[in-house]
Each structure stands twice: as C-alpha cells, then as structure tokens.
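K.L.:
Under the numbering used here, the first residue of the sequence shown is numbered 250, with each subsequent residue one higher.
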Amino acid sequence: MPTAAETDRQIRRLYNIAYRIDPIGRMLTNPHADTATVTYAMARIPKALSAANRLLALPGVAEHPETPYARSFLNTAQRQLNAPTTRLLLIANHARQAAAHADATDDDLQVIVFRNIEHRCRNLTATARVEPALGRRGWTRNDHVASDRLQHWAAQWGLTTDPTPPPAATPQAPAEMVRQAAARAAIRNRCAAGIRCTEPDCQTYGALKVTTLPGAWLCPACIPKANARLAAHGCAPDTIRPDPGAIPDGARYIVSMHNVIGPGTRSIDCDTPQRAQFIAETERPFNNTFYNIWIALPRR
250 MPTAAETDRQ
260 IRRLYNIAYR
270 IDPIGRMLTN
280 PHADTATVTY
290 AMARIPKALS
300 AANRLLALPG
310 VAEHPETPYA
320 RSFLNTAQRQ
330 LNAPTTRLLL
340 IANHARQAAA
350 HADATDDDLQ
360 VIVFRNIEHR
370 CRNLTATARV
380 EPALGRRGWT
390 RNDHVASDRL
400 QHWAAQWGLT
410 TDPTPPPAAT
420 PQAPAEMVRQ
430 AAARAAIRNR
440 CAAGIRCTEP
450 DCQTYGALKV
460 TTLPGAWLCP
470 ACIPKANARL
480 AAHGCAPDTI
490 RPDPGAIPDG
500 ARYIVSMHNV
510 IGPGTRSIDC
520 DTPQRAQFIA
530 ETERPFNNTF
540 YNIWIALPRR
C-alpha cells in the first residue's frame with residue numbers, strides 16, 4: 250500500500266492536470282474559436298484525460314476525499330470535447346475556409362451559403378453557454394433540433410467535422426440565398442470599372458485619384474464640380490486635378506470601413522481597385538455608414 254505522502258503527491262499531480270485542462274476545455278465554448286484553437290484543444294484534452302486516468306488507477310487516489318473536485322474539472326472538459334458545439338465549431342471553421350475559397354473563385358452562391366452556415370454555427374455555440382448570472386440557460390429543445398438540422402444542411406454542402414471534398418452536385422439553396430448571390434454578382438460587375446466616385450450624388454465607377462482632397466476619388470465629370478465648390482470658398486481655380494503619380498506600380502488598396510457608433514471598424518488589404526470597391530460594398534460591418542479606400546506602398 251502506498252504511504253499517505255505518496256498518495257498526496259499523486260493527488261497534487263491529478264490537480265495539476267485538472268487545473269491545466271480546465272481553461273483548455275473552455276476554449277471549446279468560445280464561439281469565435283478558430284481552427285488552430287479547436288485543433289489544439291481536441292488534441293490536448295484526450296492526452297490530459299489519459300494521464301488523469303492513469304493516476305486514478307493508482308491505489309488510494311480514486312478513494313481520496315479530494316479526488317471528486319478534481320474529477321469535476323476532468324468531466325467538464327470531457328463533456329465539452331464530446332459536445333455538439335465542438336462539432337459546430339469544426340464545421341464553422343471549415344465553412345470559413347470554404348467561403349474564402351469560393352470568394353477567390355467568384356462563386357457567389359457558395360460564399361453566401363458557407364458564411365450563413367458559419368454564422369449559424371457560431372451563434373448556436375454562443376447560445377449553449379450556461380451562465381445563470383447573465384440569464385444564459387444553455388440550449389433548449391429547439392436549439393438541439395436546430396443544431397441537428399444545421400449539421401445535416403452543412404453535410405449536404407460537403408461540410409462535416411472532417412474536411413471533405415465538395416459534393417458532386419450543388420444542393421438546392423433557399424431562394425433568399427440565391428437572390429443574395431445574384432446581388433453580389435451584380436455588385437462585382439459594377440465594380441469591374443474600378444473605384445466608385447466619392448461624390449455623394451454620383452454613381453459612376455472608375456473614378457480617379459485626385460490632388461488636394463485626401464481620400465477622394467472623383468470621376469472626370471465631378472472634378473469640375475468639386476473645383477467650382479472650392480472656388481466658391483476662395484480656393485484657386487482648378488485646385489483639384491487627376492493625380493496619376495499617386496498610385497505607384499504594384500500599389501495596394503486599403504479599404505477602411507467605419508461605424509459611427511459601436512465597434513466594427515476594420516481594414517482589408519486588396520491588390521486591385523476593383524477588389525477594393527467590391528470589398529467596400531459587400532464586406533461592410535454591422536451599422537457601417539461609410540468607408541475610405543487608401544493607397545499603400547507595394548509589398549516588398
């Protein structure tokens with residue numbers, strides 16, 4: 250039989266494992282967890298549980314009065330590892346990768362579908378959190394049904410807990426998603442001419458970078474109007490002119506999208522003016538009210 254000191258030493262080892270596995274298990278409750286985080290947690294938790302089980306098999310450890318508390322951490326991590334929300338996170342991250350690939354190939358319907366799947370997976374993961382102080386009670390029966398249906402819908406599009414090739418035939422998409430995909434394709438066609446004129450009442454694409462007005466892009470028809478507006482305030486005539494030297498060869502286009510209130514400001518780096526304008530019109534954050542397109546030096 251082991252001595253009391255030896256049993257206490259094994260209990261301390263058990264607690265060390267339990268305390269380390271607890272934050273790793275909580276990673277799988279984060280609805281924004283990326284692929285690397287989920288993969289790390291799914292690899293570490295089984296190893297930690299295996300080590301803990303070896304300690305629990307030692308004489309005197311399982312019967313120790315302090316073991317149940319350590320077991321609670323281990324059981325929580327194991328439940329989270331096997332929870333449907335972990336599968337949803339895997340699907341969400343695969344959907345994000347698939348949407349990025351579809352975006353690169355201009356497959357607008359798949360972009361809409363995959364982003365919808367990712368958004369719904371992450372929302373359900375957030376709903377599953379149990380925090381009574383914040384009024385969060387976890388999933389209802391309807392949430393469980395929604396999770397099952399969402400996983401089935403994702404599988405039809407080739408998204409499961411494991412990366413799989415896309416289905417041979419494209420599944421039927423809801424009419425609303427088809428409409429959104431058509432609208433996205435129409436935006437791409439408009440943006441093929443280049444950056445949209447920044448004058449509020451102008452809808453012309455293919456605007457030019459001009460002098461004097463930082464961040465402004467004006468079409469040829471709006472340059473005289475802008476000059477007349479400045480002249481009325483005492484500026485010299487023809488202050489605003491096209492500035493071809495403002496865009497060096499290989500320049501990058503930075504789209505900065507802003508919210509008047511609340512968070513959501515972000516910037517996206519683009520290689521072409523067409524892509525920059527397309528991003529500005531399709532990737533705008535919630536409550537977005539305006540955007541700017543800036544010129545950056547080429548990458549070295």
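Built from N, CA and C at the ideal position, the CB exists for glycine as well.
1. Buried or exposed for R550, please, with buried defined as at least 16 other CB atoms from any protein chain shown within 10 angstroms of its CB.
2. Tell me whether P381 is buried or exposed, calling it buried when 16 or more other Cβ atoms sit within 10 Å of its Cβ.
3. Determine the closest residue to R328 out of R262, L277, H507 and R433, with distance taken between C-alpha atoms.
4. Using CA coordinates, which residue listed in L263, L307, Y289 and S516 is at the minimum distance from A301?
5. Could you check the C-alpha separation between R336 and I260 for me, to the nearest Å?
6. Suppose contacts are defined by Cβ-Cβ distances below 8 Å. Is L339 in contact with T419 by that definition?
7. Where does the unbroken beta strand (DSSP E) through D518 begin, and where does it stop?
8. Identify which residue in R490, I472 and L330 has its Cα closest to the Cα of Y289.
9. Give the range of the beta strand (DSSP E) segment to which R501 is assigned.
10. With H, G and I counted as helix, E and B as strand and the rest as coil, what does DSSP make of P491?
11. What beta strand (DSSP E) runs, 3 residues minimum, are completely inside the stretch 264-325?
12. Is the stretch 471-486 in contact with the stretch 521-528, if contact means three or more CB pairs nearer than 8 Å?
13. Quick one: using the 10 Å Cβ neighbour count with 16 as the cut-off for buried, is S299 buried or exposed?
14. For D518, which residues of its own chain have a beta-carbon under 7 Å away from its beta-carbon, when the five flanking residues on both sides are left out?
15. Going straight from the alpha carbon of D357 to that of A431, what length do you get?
16. If you draw a straight line from the alpha carbon of C440 to that of T488, how long is it in whole angstroms?
17. With DSSP as the reference, identify every bridge partner of E380, one or two as the case may be.
18. Between the stretch 309-328 and the stretch 399-409, can you find at least three pairs of beta-carbon atoms closer than 8 Å?
19. Which stretch, first to last residue, makes up the alpha helix (DSSP H) that contains R433?
20. Can you list, in chain order, the residues of its chain with a C-beta nearer than 7 Å to that of D283? Leave out the 5 residues immediately preceding and following it.
21. If I measure Cβ to Cβ from A434 and keep anything under 7 Å in the same chain, skipping five residues before and after, which residues do I get?
P.N.:
Taking the definition as stated:
1. Past the boundaries of the shown model lies residue 550; the chain is included only from 250 to 549, so the question cannot be answered.
2. Flag for P381 reads exposed.
3. Residue L277 is the option with its Cα nearest to R328.
4. Nearest of L263, L307, Y289 and S516 to A301, Cα basis: L263.
5. Each residue's alpha carbon lies about 33 Å from the other.
6. No.
7. Segment R515 to C519, the beta strand (DSSP E) holding D518.
8. The shortest C-alpha separation from Y289 is found at L330.
9. Its beta strand (DSSP E) spans residues R501 to N508.
10. Strand.
11. Not a single unbroken stretch of the beta strand (DSSP E) spanning 3 or more residues falls wholly within the stretch 264-325.
12. Under the 8 Å Cβ criterion, the stretch 471-486 does not count as touching the stretch 521-528, having fewer than three qualifying pairs.
13. Exposed.
14. Same-chain partners within the cutoff: R501 and I503.
15. Rounded to the nearest whole angstrom, the C-alpha separation of D357 and A431 is 8 Å.
16. Cα-Cα distance, rounded: 28 Å.
17. Looking at the DSSP assignment, E380 forms a beta bridge with R385.
18. Under the Cβ criterion (8 Å, minimum of three pairs), the stretch 399-409 does not count as touching the stretch 309-328.
19. Here the alpha helix (DSSP H) through R433 covers A424 to C440.
20. Apart from the 5 residues on each side of it in sequence, D283 sits with its Cβ closer than 7 Å to the Cβ of N342 in its chain, given in chain order.
21. In its chain, beyond the 5 residues on either side, D357 have a beta carbon closer than 7 Å to the beta carbon of A434.
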